[in-house]
Each structure stands twice: as C-alpha cells, then as structure tokens.
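*Asks:*
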Ligand code: NAP
C-alpha cells in the first residue's frame, strides 16, 4: 500500500486528492492520497514522516519555500525557482523538486500546439512564485523575449535579473507597447481568481496570433480569457497546469506515468463548477 498526500495550511481547498485518487483507481493501484493540514511549526516533524509513513507528498501554500530547509537535497529546478512542490524519499533521504514548470509547459503543449514557435515573445503578468516557474519554463523553450509586468516593479526587476538577458521588467502602463509582437500572454497574478479583484487590463493592440493563458482556474473562464476569445486569440485556462504538474509526482511515488485525460479534466471541472 503506497501512501502519498498533500500538505498545506489551510488545505481544505486542494483538489490534488481528486486528481491522484482518479489515477490510483484508473490504474488499479493499492494506494491512497490524502490531504493533511500541517501548521508551520509542524513542518519539520511532518517531513520526518516521509519514508516511514508516506512515499512522498505535494507541498502547497505556505510551505513551498520553507520546506526546502528540512530536505536532504533539491534538484536544479527547485533551486532555480526557490520553491518545492513535490517531495519523495530515496534510501532514507528526502528530496524535493518543483513540477509547476512541467505543468505550465505541458498544458500549453496540449491545448495550444505550436505556441512556442520562434520567435517566442512572451508577456508574463506577475512576479510571484507562479511567475517564477513560468519564466523559468519559458527560458527552457528558448524564449526570445520575456517581458515581466508587475505592480511592484522591483520584484519584476529581480526576476528579470535572475533569468538573464532575454527577460525585462515593465509596468502595466507599458503593456500597449509590448502587445504588438507578443506571441504569448500569461496571467501569473492572483487577479481574476474568485474572491480577488479582477485583472483590469485591455487587450487592445494585442497580436492576433498571440496565445493567452491564465494560470487562474477558479473560475475556469476568467474575464481575461473571455476578452481574448472575443478578439479571436487562442486561449488556454489554468486547469491543465494543475493536472499536468501532478503527473511527475504520481509517477515518482506510484511507479506509473498517468495521463491527463478528458475524463479527468471533466471530473475536476465539475468539482470547480460545483463550488466545492
Ligand atoms: P504570489 O506569489 O502571491 O504572487 C501574486 C502576484 O499577483 C504578484 O505578482 C502580485 O503583485 C500580483 N498581485 C496580487 N494582487 C494584486 C493587485 N491587487 N494588483 C496587481 N497585482 C497584484 O502568488 P503565486 O503563487 O505566484 O500565484 C499566482 C496565481 O497563480 C494564483 O492565482 C494561483 O492560484 C495561480 N497558480 C496556478 C497554478 C496552476 O496549477 N494553474 C499553479 C500555481 C499558481 P505584487 O508583486 O505587486 O504584490
């Protein structure tokens, strides 16, 4: 019996048990995947249970950065992003990686084939943890330009410095100038998410060939995606990123590489729409 889980604080909102539970059943495995609320002062003690009690775990807010302190090692991806979302154990030692990049890239590959054709000129809105994963993923696809647009310009500048010559920092006022030759726009802010303010931008002047991707997936169709769709731009919502980031973690713990099927997507969509 292989056990895995997701930890966070709070954790009630996590849909990871539905995703992993679907795959456990689909592959007829003897395993379980639970959600566990772990407070910050219980994080170190929890990590010590990986190995004896759990094959591994996913890590969500607010532990993604702090948990790195309690691990025996992290891979290059987690180090570049400065955050871990997946832990596993090997020979009594615990390691961490970050699968958000895989999720981000695989979602676009699946739903917007050709999105990364050269020249890839990307605009990333936001400079937090998710934006960091997105920018790192874009460098892996050899983006020609990555314009990071953020309310706090200093955070965008710091991110641009970390990821090299093709990345630059901008304010929202510069968007109209950036739109003309953009081939990808990604919303990596929390704006547009249910319970948060909306993303107050206009897409006027956006290259008609640009793909618009929102990482927000509650609601599934944000105003940004509605606006983009109305203009005829290709759109990709954030649910696929959530589903695809779970694939490498499941494969590591359960030894089977699962698929993101239309049935799985429909299951999670229904859950989101039910407001659970
Ligand atoms: P975060 O680290 O807290 O960053 C939030 C970002 O949003 C920052 O850039 C922040 O700008 C910006 N922001 C927040 N409120 C704003 C406002 N009122 N006006 C302008 N900008 C504002 O959050 P995160 O972890 O990066 O997550 C960002 C979003 O990505 C969330 O909606 C999350 O659910 C989503 N996400 C989705 C997936 C997926 O699998 N689909 C994975 C990860 C994250 P400042 O720097 O100026 O504060």
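Numbering (the numbering used here), first residue to last: 390 to 665. Beta carbons: idealized from backbone N, C-alpha and C, even for Gly.
#1: State the Cα-Cα distance for the pair residue 614 and residue 608, rounded to the nearest angstrom.
#2: The beta strand (DSSP E) spanning residue 624 covers which residue range?
#3: Which word fits residue 464, buried or exposed, when buried means at least 16 other C-beta atoms lie within 10 angstroms of its C-beta?
#4: Buried or exposed, going by whether 16 or more other CB atoms sit within 10 Å of the CB of residue 489?
#5: Once the 5 residues before and after residue 472 are set aside, which same chain residues still bring their CB inside 7 Å of it?
#6: What distance in whole Å lies between the Cβ atoms of residue 510 and residue 570, which are believed to be in contact at a cut-off of 8 Å?
#7: With a threshold of 7 Å, establish whether the CB of residue 593 neighbours any heavy atom of the ligand NAP.
#8: Would you kindly work out how many angstroms separate the C-alpha atoms of residue 505 and residue 458, rounded to a whole number?
#9: Report, in whole angstroms, the separation of the C-beta atoms of residue 601 and residue 617, which I expect to be a contact under 8 Å.
#10: Identify the residues that DSSP records as bridge partners of residue 536: which are they?
#11: To which residues does DSSP link residue 601 through a beta bridge?
#12: Can you grab the Cα-Cα spacing for the pair residue 552 / residue 405, in whole Å?
#13: Does the distance between the C-beta of residue 539 and the nearest non-hydrogen atom of the ligand NAP fall short of 7 Å?
#14: Roughly how many whole angstroms lie between the Cα atoms of residue 424 and residue 647?
#15: Does the distance between the C-beta of residue 549 and the nearest non-hydrogen atom of the ligand NAP fall short of 7 Å?
#16: May I ask which residues mark the beginning and end of the beta strand (DSSP E) holding residue 649?
#17: List the residues that DSSP assigns as beta-bridge partners of residue 421.
#18: Taking C-beta to C-beta, are residue 492 and residue 641 nearer than 8 Å?
#19: CA-CA distance, residue 637 and residue 412?
#20: With distances taken from CA atoms, which of 584, 663, 664 and 654 is nearest residue 409?
#21: Does the Cβ-Cβ distance between residue 629 and residue 603 come in under 8 Å?
#22: Report yes if the CB atom of residue 443 is closer than 8 Å to the CB atom of residue 521, and no otherwise.
#23: Using 8 Å as the limit for Cβ to Cβ distance, is residue 513 near chain B?
*Replies:* On the basis of the supplied data:
#1: Position 225 of the chain shown, counted from the first residue, corresponds to residue 614. Position 219 of the chain shown, counted from the first residue, corresponds to residue 608. The C-alpha of residue 614 lies about 11 Å from the C-alpha of residue 608.
#2: As a position in the chain shown, residue 624 is number 235, starting the count at 1. Unbroken beta strand (DSSP E) run through residue 624: 623-625.
#3: Here residue 464 corresponds to residue number 75 of the chain shown, with the count starting at 1. Burial call: exposed.
#4: As a position in the chain shown, residue 489 is number 100, starting the count at 1. Label assigned to residue 489: buried.
#5: On the chain shown, residue 472 is found 83 positions in, with the first residue counted as 1. Here residue 472 has 453, 454, 487 and 518 as same chain residues with Cβ atoms under 7 Å from its own Cβ, once five neighbours each way along the sequence are excluded.
#6: As a working mapping, residue 570 is identified with position 181 in the chain shown. As a working mapping, residue 510 is identified with position 121 in the chain shown. Rounded to the nearest angstrom, the Cβ distance from residue 570 to residue 510 is 5 Å, consistent with a contact under 8 Å.
#7: For this step, residue 593 is matched to residue 204 along the chain shown. Between the ligand NAP and residue 593, a heavy atom-to-CB distance of less than 7 Å is absent.
#8: As a first step, residue 505 must be located in the chain shown, where it is residue number 116. As a first step, residue 458 must be located in the chain shown, where it is residue number 69. When rounded, the distance between both Cα atoms is 35 Å.
#9: For the purposes of this step, residue 601 is identified with residue 212 of the chain shown, where counting begins at 1. For the purposes of this step, residue 617 is identified with residue 228 of the chain shown, where counting begins at 1. 4 Å between Cβ atoms; contact.
#10: Counting from 1 along the chain shown, the entry for residue 536 is found at position 147. For residue 536, the beta-bridge partners assigned by DSSP are 512 and 557.
#11: In the chain shown, counting from the first residue as 1, residue 601 sits at position 212. According to DSSP, residue pairing for residue 601 in a beta bridge involves 574 and 624.
#12: Here residue 552 corresponds to residue number 163 of the chain shown, with the count starting at 1. Here residue 405 corresponds to residue number 16 of the chain shown, with the count starting at 1. Rounded to whole angstroms, the gap between the alpha carbons of residue 552 and residue 405 is 30 Å.
#13: Numbered from its first residue, the chain shown carries residue 539 at position 150. With a cutoff of 7 Å, residue 539 counts as near the ligand NAP, since its C-beta is closer than that to a heavy atom of the ligand.
#14: Position 35 of the chain shown holds residue 424. Position 258 of the chain shown holds residue 647. So the two alpha carbons sit approximately 20 Å from each other.
#15: Mapped onto the chain shown, residue 549 falls at position 160. False, no ligand heavy atom lies under 7 Å from that Cβ.
#16: Translated into positions along the chain shown, residue 649 becomes position 260. Premise fails: residue 649 is in no beta strand (DSSP E) and is neither H nor E.
#17: As a position in the chain shown, residue 421 is number 32, starting the count at 1. 392.
#18: Walking along the chain shown from the start, residue 492 turns up at place 103. Walking along the chain shown from the start, residue 641 turns up at place 252. No, Cβ-Cβ distance for residue 492 and residue 641 is not below 8 Å.
#19: The residue labelled residue 637 in the question sits at position 248 within the chain shown. The residue labelled residue 412 in the question sits at position 23 within the chain shown. Cα-Cα distance, rounded: 12 Å.
#20: Taking the first residue of the chain shown as 1, we reach residue 409 at position 20. Of the listed residues, the one whose Cα sits closest to residue 409 is 654.
#21: Against the chain shown, residue 629 aligns to sequence position 240. Against the chain shown, residue 603 aligns to sequence position 214. Cβ atoms of residue 629 and residue 603: not closer than 8 Å.
#22: Here the question's residue 443 lines up with position 54 in the chain shown. Here the question's residue 521 lines up with position 132 in the chain shown. For the pair residue 443 and residue 521, the CB atoms are not nearer than the 8 Å cut-off.
#23: The chain labelled as chain B is not found in the depicted structure, where only one protein chain is given.
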